[in-house]
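Visitor:
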Amino acid sequence: MLLGKVIGTLTPCVVYEGLEGVPMLLVQPLNKKQESVGKPLIAADSTRMAGPGELIYYEGGREAAMALETVFVPVDATIIGIVDDVKLIDEEAV
1 MLLGKVIGTL TPCVVYEGLE GVPMLLVQPL NKKQESVGKP LIAADSTRMA GPGELIYYEG
61 GREAAMALET VFVPVDATII GIVDDVKLID EEAV
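1 is the number of the first residue of the sequence shown in my numbering; add one for each residue after it.
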């Protein structure tokens, strides 16, 4: 699973079957120190509770498609949960 921050919302004009009612959010990937890495991506929100400014964890690839109620819909990333707090025990840990 990967760490990210919700930086925006998307409103699609056409929705793929199986993704009806699933919010689409713009997510900035983060590293373990919560610093931005890479380009923002679009993620389906399986929690249906995440919003702009929230720290989330998400999954990509095939696992992202399996995390939704209708499995194997065409998504590259899916938000799995909302993060309350991050505490690093060892700064050198991966």
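Note that CB positions come from ideal geometry on N, CA and C, so glycine has one too.
Note that this is a predicted model, so its numbers are computed, not measured.
Going by the beta-carbon positions, is the gap between Met24 and Ala44 smaller than 8 angstroms?
Guide: yes
Visitor: What residue ranges within the stretch 23–74 form continuous alpha helix (DSSP H) runs of no fewer than 4 residues, ordered along the chain?
Guide: 62–66
Visitor: Taking the beta carbon of Gly95 as the centre, do at least 16 other beta carbons fall within 10 Å, making it buried, or is it exposed?
Guide: What is shown of the chain runs 1 to 94, which leaves residue 95 out entirely.
Visitor: Alpha carbons only, please: which of Val86, Gly81 and Val71 is nearest the one belonging to Ala50?
Guide: Nearest option by C-alpha distance: Gly81.
Visitor: Considering only residues of the same chain and omitting the five flanking positions on each side of Pro74, which have a CB-CB separation below 8 angstroms?
Guide: Tyr16 and Ala65
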